[in-house]
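Asker: My questions all concern the structure below.
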Amino acid sequence: MTTDTSARAVAAALWTAEVDRGDDALDRIAEEWDGLTARCRTATPFQDCGWLRSWWRRYGRPGGLVLVLVRRDGRLVGAAALCRRGRSGGLTNLGGGLVDFTDVLLDDDCAERAAAELAAALPLRRPWHRLELREVHPEAAVRRVLAHHRGTTRRYRDSLCQSLPALPVEELIKRLSGRSAQRTRVKLRKIAASGVEMDAAPPEEVPQAVGDLLRLHFLQWQDRGVTPEHRTERFTAHLTESTTGMVARGRAAVHRFRLDGEVVVVSLVVLCPSFGGLYLYGAHPMMRERLDIASLVFAAALDEVRARGVPVLSLLRGQEPYKQRWCPDGRRSERLVVGPPGFAPAAALLGLKVLVRQAAVGVLTTRLPRLKALLVARRRS
161 MTTDTSARAV AAALWTAEVD RGDDALDRIA EEWDGLTARC RTATPFQDCG WLRSWWRRYG
221 RPGGLVLVLV RRDGRLVGAA ALCRRGRSGG LTNLGGGLVD FTDVLLDDDC AERAAAELAA
281 ALPLRRPWHR LELREVHPEA AVRRVLAHHR GTTRRYRDSL CQSLPALPVE ELIKRLSGRS
341 AQRTRVKLRK IAASGVEMDA APPEEVPQAV GDLLRLHFLQ WQDRGVTPEH RTERFTAHLT
401 ESTTGMVARG RAAVHRFRLD GEVVVVSLVV LCPSFGGLYL YGAHPMMRER LDIASLVFAA
461 ALDEVRARGV PVLSLLRGQE PYKQRWCPDG RRSERLVVGP PGFAPAAALL GLKVLVRQAA
521 VGVLTTRLPR LKALLVARRR S
């Protein structure tokens with residue numbers, strides 16, 4: 161089909177949009193959602209329907225789900241999964257602080273028109289309505305939607321996300337300085353000679369593997385303070401359900417590392433066509449004395465994305481030292497505050513609140529990290 165013919169077909173199609181506020185909306189359209197995800201090149205693992213449904217079941221509040229759906233001749237071609245924030249008409253993305261990237265879905269075959277239809281369907285009608293999106297990466301499809309939005313969009317800095325090209329590890333080592341490269345080679349040779357064996361858990365074994373991951377994660381951080389949310393039953397249930405489904409669909413892998421037959425390290429890698437990312441890992445404390453755990457799980461994640469033909473290994477959010485060692489490429493995500501026409505005064509006030517919160521988080525992160533973790537856990541409860 162030529163470009164002109166395709167454009168005429170898009171224009172002649174029957175376009176419809178709806179806002180579905182039913183608590184079971186994600187369950188009802190799961191198959192359609194997964195089909196659209198496969199046709200959206202910018203979709204990340206955090207737009208996977210399994211991830212969103214699992215999060216909603218554990219963290220959502222009744223009456224708060226808002227799905228904005230666009231169809232072309234009955235086929236789902238645009239979708240946004242949102243939830244209500246308070247009673248003042250505020251909306252935000254599903255996933256809270258558990259997602260590294262927020263986005264909407266647009267069918268690649270008609271992305272521009274679908275973006276325009278989705279922008280028009282956003283439930284932002286009153287001056288006090290607003291949509292706040294966290295962790296919007298530079299290539300996110302929602303940016304295309306907001307280009308058609310007639311209201312106000314304000315942008316603020318959010319997390320720095322880092323990545324590496326999915327090259328053989330020896331090629332990545334060339335990015336390092338001479339001394340650092342030498343130390344890294346020694347660590348990798350030590351891992352190769354350690355006798356540690358790795359396998360990927362099949363879907364039916366994922367629940368047990370996730371349980372091992374979290375158990376080891378607690379042990380790993382017991383003396384330094386684990387993120388409180390990771391200790392909750394709801395997080396365990398969410399991670400178990402979402403990961404099991406994603407592994408079955410090829411959108412995640414759980415790596416188990418055994419020494420003398422005992423599981424000593426477990427890591428979770430999330431996957432999509434454009435990148436794979438190391439989301440969470442846990443290691444027995446005794447392994448830290450024997451091997452460089454970060455190099456162990458990093459090398460396995462790199463092998464996973466390379467085997468699947470994925471071009472990028474994302475290090476996701478955060479600037480931990482083990483990430484910096486590889487001299488990654490960094491790109492900062494944005495926090496977007498969106499409102500209807502006439503929203504400017506309210507947006508300015510909300511923007512001031514965002515800046516104040518960001519400053520407070522900066523102080524807590526650098527000076528009072530444990531207090532920050534407790535406050536985040538209390539807010540989610």
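Numbering-wise (the working numbering), the sequence shown opens with residue 161 and increments by one. Where a beta carbon is used, it is the ideal one built from N, C-alpha and C, also for glycine.
How about E449: is its Cβ closer than 7 Å to a heavy atom in the ligand MG?
Answerer: For the structure depicted, the ligand MG is absent and the ligand set is empty, with no information on it obtainable.
Asker: Please work out which residues of its chain come closer than 8 Å, Cβ to Cβ, to V230, disregarding the five sequence neighbours upstream and downstream, and give them in chain order.
Answerer: Here the set comprises W175, T176, A177, L236, V237, G238, A239, A274, E277, L278 and A281.
Asker: Since I believe S340 is in contact with R485 (beta carbons under 8 Å), could you give me their beta-carbon distance rounded to a whole number of angstroms?
Answerer: Right, the Cβ-Cβ distance comes to about 7 Å (below 8 Å), so this counts as a contact.
Asker: Here's the rule I'm using: 16 or more other beta-carbon atoms within 10 Å means buried, otherwise exposed. How should H398 be labelled?
Answerer: Buried is the call here.
Asker: L431 by DSSP, collapsed to three states: which one?
Answerer: Strand at L431.
Asker: Express the C-alpha separation of M406 and L431 in angstroms, rounding to a whole number.
Answerer: Distance between the alpha carbons of L431 and M406 is about 9 Å.
Asker: State whether the segment 438-458 contacts the segment 346-353, with contact taken as three or more CB pairs (one from each stretch) at a distance under 8 Å.
Answerer: In short, these stretches touch, since the Cβ pair count reaches three.
Asker: In three-state terms, what does DSSP make of A240?
Answerer: A240: strand per DSSP, three-state reduction.
Asker: Mind checking which residues open and close the alpha helix (DSSP H) that includes E365?
Answerer: It is not in any alpha helix (DSSP H) - E365 carries neither H nor E in the DSSP assignment.
Asker: Could you check which residue in D194, F435 and H390 has the C-alpha nearest to that of L327?
Answerer: Residue F435 is the option with its Cα nearest to L327.
Asker: Going by other Cβ atoms of all chains shown within 10 Å of its Cβ, with 16 needed for buried, is K483 buried or exposed?
Answerer: So K483 ends up on the buried side.
Asker: Could you say which of R314, A190, E422 and V228 lies nearest to G210 if we only look at CA atoms?
Answerer: G210 has its Cα closest to that of A190, out of R314, A190, E422 and V228.
Asker: Suppose you measure from the CA of A198 to the CA of V264; what does that come to, to the nearest Å?
Answerer: Between A198 and V264, the C-alpha separation is close to 13 Å.
Asker: Give the range of the beta strand (DSSP E) segment to which F417 is assigned.
Answerer: F417 -> beta strand (DSSP E) spans A412 to L419.
Asker: Go through its chain and collect everything with a Cβ distance to P363's Cβ below 7 Å, but skip five positions before and after it.
Answerer: T404, V407 and A408.
Asker: For V259 and L379, I'd like the C-alpha separation in whole angstroms.
Answerer: Roughly 23 Å between the two C-alpha positions.
Asker: Rank L428, A352 and L254 by C-alpha distance to the C-alpha of R218 and give the top, closest one.
Answerer: Among L428, A352 and L254, the Cα nearest to that of R218 belongs to L254.
Asker: For L462, list the residues DSSP reports as bridge partners.
Answerer: None, per the DSSP bridge assignment.
Asker: Would you tell me roughly how many angstroms separate the C-alpha atoms of V179 and L284, rounded to the nearest one?
Answerer: Cα to Cα, the separation comes out at about 11 Å.
Asker: At the level of alpha carbons, what is the spacing between V356 and H309?
Answerer: Straight-line Cα distance between these residues: approximately 53 Å.
Asker: Round the Cβ separation of Q322 and G437 to the nearest angstrom and send it over; I've been treating them as touching at under 8 Å.
Answerer: Q322 to G437, Cβ: 10 Å. No contact.
Asker: Thinking G421 and L376 are a contact (beta carbons under 8 Å), I'd like their distance in whole angstroms, please.
Answerer: Not a contact, Cβ separation roughly 16 Å.
Asker: To the nearest angstrom, how far is it from the Cα of V426 to the Cα of A460?
Answerer: Each residue's alpha carbon lies about 11 Å from the other.
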